[in-house]
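Peer 1: Chains as they are written, first to last, in the working numbering: chain L, 1 to 211; chain X, 212 to 422.
Number of protein chains: 2
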Amino acid sequence: MPKTTITRLPDLGSTERSELDRLLDVSRVGHFGLLVEGHPVVIATAIARDGDSVLAHGSTGSSWMRLLGTGAPTSLAVTALDGLVVARSAFESSMHYRSAVLFGRCQPIEAASQKRAALDVITDALIPGRVGEVREPTAKELAATLVLRLPIGEWSLKVSAGWPDDPDDDVAGTAWAGVVPIETRFGTPRPAPDLRRGIDTAESVRRLAGA
Amino acid sequence: MPKTTITRLPDLGSTERSELDRLLDVSRVGHFGLLVEGHPVVIATAIARDGDSVLAHGSTGSSWMRLLGTGAPTSLAVTALDGLVVARSAFESSMHYRSAVLFGRCQPIEAASQKRAALDVITDALIPGRVGEVREPTAKELAATLVLRLPIGEWSLKVSAGWPDDPDDDVAGTAWAGVVPIETRFGTPRPAPDLRRGIDTAESVRRLAGA
Chain L
1 MPKTTITRLP DLGSTERSEL DRLLDVSRVG HFGLLVEGHP VVIATAIARD GDSVLAHGST
61 GSSWMRLLGT GAPTSLAVTA LDGLVVARSA FESSMHYRSA VLFGRCQPIE AASQKRAALD
121 VITDALIPGR VGEVREPTAK ELAATLVLRL PIGEWSLKVS AGWPDDPDDD VAGTAWAGVV
181 PIETRFGTPR PAPDLRRGID TAESVRRLAG A
Chain X
212 MPKTTITRLP DLGSTERSEL DRLLDVSRVG HFGLLVEGHP VVIATAIARD GDSVLAHGST
272 GSSWMRLLGT GAPTSLAVTA LDGLVVARSA FESSMHYRSA VLFGRCQPIE AASQKRAALD
332 VITDALIPGR VGEVREPTAK ELAATLVLRL PIGEWSLKVS AGWPDDPDDD VAGTAWAGVV
392 PIETRFGTPR PAPDLRRGID TAESVRRLAG A
């Protein structure tokens, strides 16, 4: 099928599943595409990898999540921006990025035990260790939550990680060239205004923020 | 039309154009959705706001960019993840985010002077002041670049910025609750291996990295 063929910049294409997994595992948000009344719509949502699937969840009241849950054809883009590539010309300037697109259809996870296990995976993907610190979801909470699984089947991945590639004429000029890394990090945790006295910052949260 | 109606969590919906502009102006990447052979496809690409439009650019060799340039119906999602909302239960835990979806059709910018002006806007949106430090694009470079304009017409915006909202039973428990900010910043600029001696880091790049 044409849609997973890297037709541009073939040197950037990666067929390494491990590279895809690494990107999915550091990403907290993905963008699902779907067709709504004949129009393409893009939805941002939290994602987590679970082995050979990507999990997403949302409210059963969300019509877009419900539509995804019917198995409508979808694609999921997961993108990390790692830096700015500052070349000697605007034309050669670009970005360091990792960009995956997965294609397929989501399946709703319906059995209560599987749903709970999937929600635990999502929670711990965002904050490792958090599941062990909070109560279990209630039956009512589970019923209000739609959990979707997108099998990792057809996908493409592009990775850009090189230096600027300026022509000799530009290299001989006076403009600077290089790469500016973009870093994402957690800031200092802020306790909720209604947090009761004497409750220390959760261990999972302290580990997250490296504090 | 139903697709820009905030049917869920109406308190999160914002109709403030200034809030939308702020999100677009801090975002470097957007996700375009489009229909390819009947399937929804999502493409990540650099974006920049130019008044009442969003600009994107790519190679004329990119079939997806060319398809967008034909005026095919599209939606553009622009998302910022600002923090983790750590509630006392997994169910109430969520994220601080700003999530915009724009709907419409892109127009290719064809006149050379307008194309150059639009590319300057894109370059300076990524690195303010960079346009003044590099040579102008050549006619060949301009011809190889597709520049698209998506008018800001129909859009929706959701903003989540509150504290955890736990039920009283959970607040009375022992679990911590709060918010962990997520911060994105530029790292130390790294000069290209072929940078000639004696060329200082560009002023625009130093300003960017706050160095």
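Yeah, the Cβ is synthetic: ideal placement off N, Cα and C, and Gly gets one too.
Work out the CA separation of Asp-261(X) and Glu-352(X) for me, nearest whole Å.
Peer 2: As a working note, residue 352(X) is residue 141 in the second sequence. As a working note, residue 261(X) is residue 50 in the second sequence. Using only the alpha carbons, I get a separation of about 21 Å.
Peer 1: In whole angstroms, what is the alpha-carbon distance linking Val-29(L) and Glu-414(X)?
Peer 2: Along the first sequence, one-based indexing puts residue 29(L) at 29. Along the second sequence, one-based indexing puts residue 414(X) at 203. Their backbone Cα atoms lie some 33 Å apart in a straight line.
Peer 1: Which residues, in chain order, does the region 153-178 of chain L contribute to contact with chain X at a C-beta distance below 7 Å?
Peer 2: Of all residues in the region 153-178 of chain L, Trp-163, Pro-164, Val-171, Thr-174, Ala-175, Trp-176, Ala-177 and Gly-178 have a Cβ within less than 7 Å of some Cβ in chain X.
Peer 1: What residues match up with Thr-79(L) in a beta bridge as DSSP calls it?
Peer 2: Numbered from its first residue, the first sequence carries residue 79(L) at position 79. Bridge partners of Thr-79(L): Ser-99(L).
Peer 1: Ends of the beta strand (DSSP E) at Arg-396(X)?
Peer 2: Residue 396(X) sits at position 185 when you count from the first residue of the second sequence. First-last of the beta strand (DSSP E) with Arg-396(X): 389-397.
Peer 1: Work out the CA separation of Trp-275(X) and Gly-47(L) for me, nearest whole Å.
Peer 2: Residue mapping note: residue 47(L) aligns to position 47 of the first sequence, counting from 1. Residue mapping note: residue 275(X) aligns to position 64 of the second sequence, counting from 1. Here the sequence assigns Ile to residue 47(L), which means Gly is not the residue at that position. Near 25 Å, if we compare the C-alpha coordinates of Trp-275(X) and Ile-47(L).
Peer 1: From the beta carbon of Thr-256(X), is the nearest beta carbon of chain L less than 7 Å away?
Peer 2: If you number the second sequence from 1, residue 256(X) lands on position 45. Not one chain L Cβ lies under 7 Å of Thr-256(X).
Peer 1: Starting from Val-247(X), follow its DSSP beta bridges and name the residues at the other end.
Peer 2: Counting from 1 along the second sequence, the entry for residue 247(X) is found at position 36. Partner(s): His-250(X).
Peer 1: Within 7 Å of any Cβ in chain X, is that where the Cβ of Ser-27(L) sits?
Peer 2: Position 27 of the first sequence, counting from 1, holds the residue named residue 27(L). Taking Cβ atoms only, chain X never reaches closer than 7 Å to Ser-27(L), which makes this a no.
Peer 1: I need the boundaries of the beta strand (DSSP E) containing Thr-356(X), first residue and last residue.
Peer 2: Counting from one through the second sequence, the residue named residue 356(X) turns up at place 145. It spans 356-362 - the beta strand (DSSP E) in which Thr-356(X) sits, taken as one unbroken run.
Peer 1: Quick check on Thr-15(L) - is its C-beta less than 7 Å from some C-beta in chain X?
Peer 2: As a first step, residue 15(L) is located in the first sequence; it is residue number 15 there, counting from the start. Chain X contact via Cβ: absent.
Peer 1: Where do the N-terminal and C-terminal ends of the alpha helix (DSSP H) with Leu-435(X) fall, by residue?
Peer 2: It is not possible to answer for residue 435(X), since the shown part of chain X is limited to 212 through 422.
Peer 1: Would you call the region 334-345 of chain X and the region 80-88 of chain L in contact, with 3 or more CB pairs under 8 Å?
Peer 2: With the cut-off at 8 Å, the region 334-345 of chain X and the region 80-88 of chain L touch.
Peer 1: Using a Cβ-Cβ cutoff of 8 Å, what residues of the region 258-291 of chain X are near chain L? List them in chain order.
Peer 2: Those residues of the region 258-291 of chain X that come within reach of chain L (Cβ to Cβ, closer than 8 Å) are Ser-270, Gly-272, Ser-273, Ser-274, Pro-284, Thr-285, Ser-286, Leu-287, Ala-288 and Thr-290.
Peer 1: Answer with yes or no whether the minimum CB distance from Ala-328(X) to chain L is below 7 Å.
Peer 2: Locating residue 328(X) in the second sequence gives position 117, counting from the first residue. Chain L, which has no Cβ nearer than 7 Å to the Cβ of Ala-328(X), makes this no.
Peer 1: Please determine, among Arg-309(X), Leu-231(X) and Ala-255(X), the residue with the shortest C-alpha to C-alpha distance to Gly-373(X).
Peer 2: The residue labelled residue 373(X) in the question sits at position 162 within the second sequence. The shortest Cα separation from Gly-373(X) among Arg-309(X), Leu-231(X) and Ala-255(X) belongs to Arg-309(X).
Peer 1: Along chain X, in chain order, which residues have C-beta atoms closer than 9 Å to that of His-96(L)?
Peer 2: Looking up residue 96(L) in the first sequence gives position 96. Neighbours of His-96(L) on chain X: none; closest Cβ ~11 Å, over 9 Å.
Peer 1: Could you please give the first and the last residue of the uninterrupted alpha helix (DSSP H) stretch that includes Ser-18(L)?
Peer 2: Mapped onto the first sequence, residue 18(L) falls at position 18. First-last of the alpha helix (DSSP H) with Ser-18(L): 17-26.
Peer 1: Nearest CA to the CA of Asp-381(X): which residue from Ile-43(L), Pro-181(L) and Glu-133(L)?
Peer 2: Position 170 of the second sequence, counted from the start, is the residue given in the question as residue 381(X). Among Ile-43(L), Pro-181(L) and Glu-133(L), the Cα nearest to that of Asp-381(X) is on Glu-133(L).
Peer 1: Which residues in the same chain as Ala-209(L) place their Cβ atom closer than 6 Å to its Cβ, once the five residues preceding and following it in sequence are excluded?
Peer 2: Walking along the first sequence from the start, residue 209(L) turns up at place 209. Excluding sequence neighbours, Ala-209(L) sits near Phe-186 and Pro-189.
Peer 1: Kindly list, in the order they appear in chain X, the residues whose Cβ is closer than 8 Å to that of Gly-104(L).
Peer 2: Your numbering for residue 104(L) matches position 104 in the first sequence. The contacting residues do not exist; Gly-104(L) stays about 10 Å from chain X at best.
Peer 1: Bridge partners of Leu-84(L), per DSSP?
Peer 2: One-based indexing of the first sequence puts residue 84(L) at position 84. For Leu-84(L), which the question treats as bridged, DSSP gives the partners Met-95(L) and Val-180(L).
Peer 1: Please list, in chain order, the chain X residues whose beta carbon lies closer than 7 Å to that of Ile-199(L).
Peer 2: Position 199 of the first sequence, counting from 1, holds the residue named residue 199(L). Within chain X, the residues near Ile-199(L) are Thr-385 and Trp-387.
Peer 1: Is the beta carbon of Ile-333(X) less than 7 Å from the beta carbon of Leu-292(X)?
Peer 2: On the second sequence, position 122 is the one that residue 333(X) refers to. On the second sequence, position 81 is the one that residue 292(X) refers to. No, the pair does not count as a contact, with Cβ atoms beyond the cut-off.
Peer 1: For Arg-360(X) versus Gln-325(X), is the C-beta distance shorter than 7 Å?
Peer 2: The residue labelled residue 360(X) in the question sits at position 149 within the second sequence. The residue labelled residue 325(X) in the question sits at position 114 within the second sequence. Cβ distance not < 7 Å, so Arg-360(X) and Gln-325(X) don't count as in contact.
Peer 1: With a CB to CB cut of under 6 Å and the five nearest residues on each side skipped, what residues in its chain are close to Pro-181(L)?
Peer 2: Looking up residue 181(L) in the first sequence gives position 181. Gly-83, listed in sequence order.
Peer 1: Considering only residues of the same chain and omitting the five flanking positions on each side of Arg-233(X), which have a CB-CB separation below 7 Å?
Peer 2: By one-based count along the second sequence, residue 233(X) stands at place 22. Taken in chain order, the list of residues that qualify is empty.
Peer 1: In angstroms with no decimal places, state the Cα-to-Cα distance between Ala-143(L) and Ala-301(X).
Peer 2: As a first step, residue 143(L) is located in the first sequence; it is residue number 143 there, counting from the start. As a first step, residue 301(X) is located in the second sequence; it is residue number 90 there, counting from the start. Straight-line Cα distance between these residues: approximately 14 Å.
Peer 1: What are the partner residues of Leu-212(L), as DSSP defines its beta bridges?
Peer 2: There is simply no residue 212(L) to check, as chain L begins at 1 and stops at 211 in what is shown.
Peer 1: Got a sec: is the Cβ-Cβ distance from Pro-137(L) to anything in chain X below 7 Å?
Peer 2: Position 137 of the first sequence holds residue 137(L). For Pro-137(L), the answer is yes, since a Cβ of chain X falls inside 7 Å of its Cβ.
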